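**Q** Quick one: structure below, then a few questions.
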Amino acid sequence: MAQILVVDDSSTVRAEVGDFLKKNGLDVTLAVDGRDGLVKLKGDPSIKLVVSDVNMPNMDGLTMAEKIRSELGNSAVNIIMLTTENSPIMKERGKAAGIKGWIVKPFKGDAVLATFKKLVGA
1 MAQILVVDDS
11 STVRAEVGDF
21 LKKNGLDVTL
31 AVDGRDGLVK
41 LKGDPSIKLV
51 VSDVNMPNMD
61 GLTMAEKIRS
71 ELGNSAVNII
81 MLTTENSPIM
91 KERGKAAGIK
101 GWIVKPFKGD
111 AVLATFKKLV
121 GA
């Protein structure tokens, strides 16, 4: 069972983030967009952290976060945005959806590893 769900439409980013986390002892599931992320989260109650891009086809990361809280009724999972977006309006929307953090790409794994491990209880 996964501890972390990585949601990004870029296969390069999914691989980079997923491989880094796996290499550091974390269990990871990957999703290609927000819709896929919702399905994966619904199917795996052991996921404790969602790391998601904002801009994706089918369903963006902010909409996915809002649906995690409303439709799935999941207020326990931690959500971190990993994105090129730095808009204060988007950050406010994320905060309203219960997003714990906002990381601007590129991904710097060493800088966030301890935080990610803390968020999953590892």
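Under full-length UniProt numbering, the first residue of the sequence shown is numbered 1, with each subsequent residue one higher.
Glycine included, every Cβ here is placed at the ideal spot set by N, Cα and C.
On a predicted model such as this, the values are computed, not experimentally measured, just so you know.
Going by beta carbon distance, what residues of the same chain come within less than 6 Å of L30, once the five residues before and after it are set aside?
**A** Only V6, R14, G18 meet the Cβ criterion.
**Q** Checking the sheet assignment: what are the DSSP bridge partners for L5?
**A** T29, V50, per the DSSP bridge assignment.
**Q** Quick one: what's L72 bridged to in DSSP?
**A** L72 is not bridged to any residue.
**Q** Determine the contact status of V28 and I4, defining contact as a CB-CB distance below 8 Å.
**A** A contact, by the Cβ cut-off of 8 Å.
**Q** Taking 7 Å as the cut-off, does the CB of M56 come closer than this to any heavy atom belonging to the ligand SAM?
**A** You won't find the ligand SAM in this model; it holds no ligand whatsoever.
**Q** Jot down the residue ranges of each uninterrupted beta strand (DSSP E) in the region 94-120, minimum 3 residues, whole runs only, in chain order.
**A** The region 94-120 contains these whole beta strand (DSSP E) runs: 101-104.
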